[in-house]
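I have placed the structure first, in the form of structure tokens, so that the comments after it can refer back to it.
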Ligand SMILES: NC(=O)c1ccc[n+]([C@@H]2O[C@H](COP(=O)([O-])OP(=O)(O)OC[C@H]3O[C@@H](n4cnc5c(N)ncnc54)[C@H](O)[C@@H]3O)[C@@H](O)[C@H]2O)c1
Ligand SMILES: [Zn+2]
Ligand SMILES: [Zn+2]
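What follows is the structure, given as structure tokens:
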């Protein structure tokens, strides 16, 4: 049996998204059908709509979600109908080179559903990040479902499915922030603020938030920023050096995804410090740095894909911290909206008015 439900579809480059009837197949072997309860609006959804990821239109958008498993296909044993799950885009395959080397957080062959969800006329949809959760129901690979404590709020913990995990993990996993570190975060949207929260959780003593928007800087303080810098008003590299005894930060996290902010991150860290790029650049962007500076400043230049998270390890742990009041996921939710409001939410995101708009179903 197939299910006809509502879904938010991007039909073409730059076109406003539309709410359409989509057809979701019953789960086949290794698949799970999930009734979506909440799904955050992430910048990456907007990148898809703008054709910035690839040209496989039409897309079924949405990928930062929590819901309840409704049915599972043959051979699925890890999750069962009724389980409360966060959807992930890293369902480790267990067989690729990364997995076999014991580094499943880099899995190169992450699983997605085999069957296609379609438009009513049968046109296959490309689900964003292999999820497609701006829909009443979605079909994913069972490994994309991470079971967590059902008493947690889906609106809050669904955010761990993408951006907030990416930011937390950029600090905790990729950046390896530890007690006593100084950390700077450039770009304090949902991802950057999550990096601030991650640095705070990990015990950083100086946490400098940098943005071009004072409202964002105010929000960053709520997540643990000890200092803020408006980089429209002052040079962020100078400011970060000044706030760190003239040295620069141990770890600088770039959460914008632009060459100029990457350069700021590069020069704002202490010698032998770490830069973590978590912002996603677009294909035409180029970086130009003196190679001697790359050599002379030492340290490590890293990228963070999904916060180097391992969903089965990290999601339940972060849900526990949330429930203990040590990780304020609720503070990321600026507004809850309906499926028909996704286009308006893109507009608000574009104007920097929200940290996260979360669709509630
Ligand atoms: N690496 C990953 O796995 C991953 C996962 C999710 C999202 N992302 C990416 O992370 C980035 C941030 O996502 P988001 O949801 O927080 O977006 P967002 O639009 O909410 O936040 C971006 C922030 O950067 C600020 N900004 C813009 N230009 C700036 C500049 N020149 N200097 C300083 N600050 C500036 C904005 O004011 C805003 O606060 C995006 O590129 C997104 O695609 C990466
Ligand atoms: Zn793998
Ligand atoms: Zn995302």
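In full-length UniProt numbering, the protein residues as written are 1 to 361. No residue lacks a Cβ here, since even glycine has one placed at the ideal position from N, Cα and C.
_Restricting to Cα atoms, I'd like to know which of 278, 184, 213 is closest to residue 247._
184
_Opening and closing residue of the beta strand (DSSP E) in which residue 138 lies_ = 137-141
*If I'm right that residue 379 touches residue 311 with Cβ under 8 Å, what's the distance once you round it to whole angstroms?*
Outside the displayed span of the chain (1 to 361) sits residue 379, for which this structure offers no information.
_For a test of your reading of the model: does the CB of residue 309 fall under 7 Å from any non-hydrogen atom of ligand 2? Yes or no._
no
*Specify whether the segment 123-133 and the segment 318-330 touch according to this definition: at least 3 beta carbon pairs, one from each stretch, less than 8 Å apart.*
Contact between the segment 123-133 and the segment 318-330 is not established, with fewer than three Cβ pairs separated by less than 8 Å.
*Buried or exposed: where does residue 231 fall if 16 or more other Cβ atoms within 10 Å of its Cβ makes it buried?*
buried
*For residue 4, count neighbouring C-beta atoms within 10 Å of its own C-beta (all shown protein chains included) and say buried if the count is 16 or more, exposed if not.*
Flag for residue 4 reads exposed.
*Helix, strand or coil: which one does DSSP assign to residue 156?*
helix
*alpha helix (DSSP H) runs contained entirely in the segment 279-357, provided each spans 4 or more residues*: 291-297, 311-323, 342-350
*Would you report the Cα separation of residue 332 and residue 165, rounded to the nearest angstrom?*
12 Å
*Could you tell me whether any non-hydrogen atom of ligand 3 is closer than 7 Å to the CB of residue 44?*
yes
*asked:* Any heavy atom of ligand 2 closer than 7 Å to the beta-carbon of residue 144?
replied: No.
*For residue 177, which option in 94, 20, 63, 276 has the closest C-alpha, if you only look at C-alpha atoms?*
The residue from 94, 20, 63, 276 with its alpha-carbon nearest to that of residue 177 is 276.
*With residue 84 and residue 68 assumed to form a contact (beta carbons below 8 Å), what rounded beta-carbon distance in angstroms separates them?*
At roughly 6 Å, the Cβ-Cβ gap stays under 8 Å, so residue 84 and residue 68 are in contact.
*Mind pulling the alpha helix (DSSP H) runs of 4 or more residues that sit fully within the segment 43-119?*
43-49, 97-100
*Please say whether residue 285 and residue 241 have beta carbons closer to each other than 8 Å?*
Taking 8 Å as the Cβ cut-off, residue 241 and residue 285 do not qualify as a contacting pair.
*asked:* Any heavy atom of ligand 2 inside 7 Å of the beta-carbon of residue 109?
replied: Here the distance from the Cβ of residue 109 to the nearest heavy atom of ligand 2 is below 7 Å.
*Over what stretch of residues does the beta strand (DSSP E) that includes residue 243 continue unbroken?*
First-last for residue 243: 236-243, but that is the alpha helix (DSSP H), not the beta strand (DSSP E).
*Taking the continuous beta strand (DSSP E) assigned at residue 274, which residues delimit it?*
269-277
*Just to confirm, are residue 345 and residue 41 a CB contact at a threshold of 8 Å?*
yes
_Option in 54, 354, 141 with minimal Cα separation from residue 75_ = 141
*In this structure, does DSSP put residue 6 in helix, strand or coil?*
strand
_Contact under 8 Å by Cβ, residue 25 with residue 105_ = no
*How long is the line joining the alpha carbons of residue 108 and residue 54, rounded to whole angstroms?*
18 Å
*Between residue 28 and residue 133, is the Cβ-Cβ spacing less than 8 Å?*
no
*For residue 185, does the three-state DSSP call read helix, strand or coil?*
strand
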